[in-house]
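Accompanying notes for the structure given below.
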Amino acid sequence: MRAALVDLDGTVVRGGSLLPGAAAGVRALRDAGLAVLFLTNNPTRPPSDWAAHLTDLGVPAAPDEVVTSAAATRDYLDDHFAGARVLAVAGEAVVEQLRAADVTFVDVPGDADVVVAGFDATFDYEDLTAGLRALRAGADLVGTDPDRWVPTDEGPIPGSGAIVNAVAGAAEVEPVAVLGKPSGETTNLALGRLGVPAAECLLVGDRLDTDVAMGEQAGMATAVVLTGATDDAALAASDVAPDHVLDSLADVGSVL
Ligand SMILES: [Mg+2]
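Under this note's numbering, residues 3 to 258 are what the sequence shown spells out, in order.
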């Protein structure tokens, strides 16, 4: 193993706090000589903010050691929709990061070539109507990530996937792409950043359908941690079979 792709929410952190043993787990990976890349479907915080936050919590991280679903969406827009007019059905924290892409943001649904849907804590009927009208007028739909819900200290909250699916469902269309894990675009972005082939990577995360599925599809070794979205019952019911099951990231040294 030369590199580890490590999920953040539910694996290293929950809400604003570090999960117990997470700092020791990341240290064990680095002490074993692995390059560590943090890979998150949370599009609301830019990599530089994540790096500062992790460092404050006792897990030193540089901005280029964090890949977010917003960064993957920005790259996808540049590759497939350069020069396009974008209607955002996403919160300002997401849109702010997409401004670096070679696209123009528009407010009139009929003017849009593409609708980008993603996390928005103030999503409402008006946003849904705008997205619906743009898609019915022929725009393509791109989602930042598929996570339908996200665990927080107060309980689950709707994630980007809830909004992507609301807009897609209303308009009766399928997205042309949903970035973040487990998309191939995000896999390629992460592997390109690491410069390591998939077969020499370990993927660690708390979700079977995004984290472990991505690693499995790419041919990585996979480990699920039971500190987030997956419990024993979910594991037993799933078709996705991680190579390793860990109580927490603290135990990651055992799989190296
Ligand atoms: Mg997670």
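Using N, Cα and C, we set each Cβ at its ideal position, and we do this for glycine too.
For Asn-43, I'd like the list of residues in its chain whose CB is within less than 7 Å of its CB, leaving aside the five on either flank, ordered along the chain.
-> If you ignore the 5 residues before and after Asn-43, its C-beta comes within less than 7 Å of the C-beta of Ser-71, Asp-147, Asp-149, Gly-182, Lys-183 and Thr-212, all in its own chain and listed in chain order.
Determine, using beta carbons only, whether Leu-36 and Ala-5 come nearer to each other than 8 Å.
-> Judged by beta-carbon spacing, Ala-5 lies within the 8 Å limit of Leu-36, meaning their Cβ atoms are closer than that value.
Report yes or no: do three or more beta-carbon pairs, one from the region 167 to 178 and one from the region 213 to 224, lie closer than 8 Å?
-> Under the three-pair Cβ rule at 8 Å, the region 167 to 178 does not count as touching the region 213 to 224.
For Ile-159, does the count of other Cβ atoms within 10 angstroms reach 16, so buried, or fall short, so exposed?
-> Residue environment: Ile-159 is assigned as exposed (fewer than 16 neighbouring CB atoms within 10 Å of its CB, all protein chains considered).
Asp-208: CB within 7 Å of a non-hydrogen atom of ligand 1 | For ligand 1, at least one heavy atom lies less than 7 Å from the Cβ of Asp-208.
Element boundaries [beta strand (DSSP E), containing Arg-87] = 87 to 91 is the extent of the beta strand (DSSP E) around Arg-87.
Any heavy atom of ligand 1 closer than 7 Å to the Cβ of Gly-120?
-> Annotation for Gly-120 indicates a beta carbon at 7 Å or more from all heavy atoms of ligand 1.
Could you pull out every unbroken alpha helix (DSSP H) segment of at least 4 residues lying fully inside the region 33 to 111, listed in chain order?
-> Residue ranges of uninterrupted alpha helix (DSSP H) with 4 or more members, entirely inside the region 33 to 111 and ordered along the chain, are 49 to 58, 71 to 82 and 94 to 100.
Length of the line joining the Cα atoms of Gly-133 and Val-117 | Whole-angstrom Cα-Cα distance: 7 Å.
Would you list the one or two residues that DSSP bridges to Leu-204?
-> Per DSSP, Ala-6 and Ala-223.
Which same chain residues, not among the five before or five after Arg-76, have their C-beta less than 8 Å away from its C-beta?
-> For Arg-76, same chain residues with a beta-carbon under 8 Å away, outside a window of 5 residues either side, are Gln-99, Leu-100, Ala-102 and Ala-103 in chain order.
When we look at the beta-carbon of Ala-90 and count the other beta-carbons within 10 Å, is it buried (16 or more) or exposed?
-> Counting every other CB atom within 10 Å of its CB across the protein chains shown gives Ala-90 a total of 16 or more, marking it as buried.
8 Å Cβ shell around Asp-57 - same chain, five flanking residues per side excluded | For the record, residue 57 in the displayed sequence is Thr; it is not Asp. Excluding residues within five positions, the ones whose Cβ falls inside 8 Å are Ala-63.
With a cut-off of 8 Å, does the C-beta of Ala-236 fall near any C-beta of chain D?
-> This model lacks chain D altogether; it includes just one protein chain.
Provide the residue span of the alpha helix (DSSP H) that contains Leu-237, from first to last.
-> 234 to 239 is the span of the alpha helix (DSSP H), which, as asked, contains Leu-237.
C-alpha gap between Thr-224 and Asp-245, whole angstroms = If I take the Cα positions, the gap works out to 5 Å.
Going along the chain, which residues of its own chain have a beta-carbon closer than 7 Å to the beta-carbon of Ala-25, five neighbours each way excluded?
-> Its chain contains Gly-60 and Val-61 as the residues whose beta carbon lies nearer than 7 Å to that of Ala-25, once the 5 sequence neighbours on both sides are disregarded; these appear in chain order.
Assign Leu-20 to one of three DSSP states: helix, strand, or coil.
-> Leu-20 falls in the strand class under three-state DSSP.
List the residues that DSSP assigns as beta-bridge partners of Val-242.
-> Per DSSP, none; premise fails for Val-242.
Do Ala-200 and Glu-187 have their C-beta atoms within less than 8 Å of each other?
-> Not a contact, by the Cβ cut-off of 8 Å.
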